[in-house]
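Have a look at the structure below, then the notes.
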Amino acid sequence: MTNSALCVDPIRANYLLPKHSIYAIYPQRLHIPAKMRAFLDYLLVQFGVNSTYRQYYEN
1 MTNSALCVDP IRANYLLPKH SIYAIYPQRL HIPAKMRAFL DYLLVQFGVN STYRQYYEN
C-alpha cells in the first residue's frame, strides 16, 4: 500500500455541524454517586452554554 493510499482529503472542509443539544438522562436521586456527578460536570464544561465547543459551532 502506498503512502498516498493512506491519505484522507476533506470533502467539505467549510461544513459546520447543525446546532444540536446533548441531554444526560439519569434516575432522579437525592444523592448522585460521585462518578456520575464528575461525568455530568465534565459534560457541562465541555458542552455547556459557555463552552468553547458551543462558541465555535454557533458563531
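Under UniProt numbering, think of the first position of the sequence shown as 1, with each following residue one higher. Glycine included, each C-beta is placed from N, C-alpha and C at the ideal position.
Across the set 37, 16, 41, 39, the C-alpha of 16 shows the shortest separation from the C-alpha of residue 55.
Along the length of the segment 4-49, whole alpha helix (DSSP H) runs at least 4 residues long occupy 34-47, reported in chain order.
Of the residues 47, 8, 48, 36, the one whose Cα lies closest to the Cα of residue 25 is 36.
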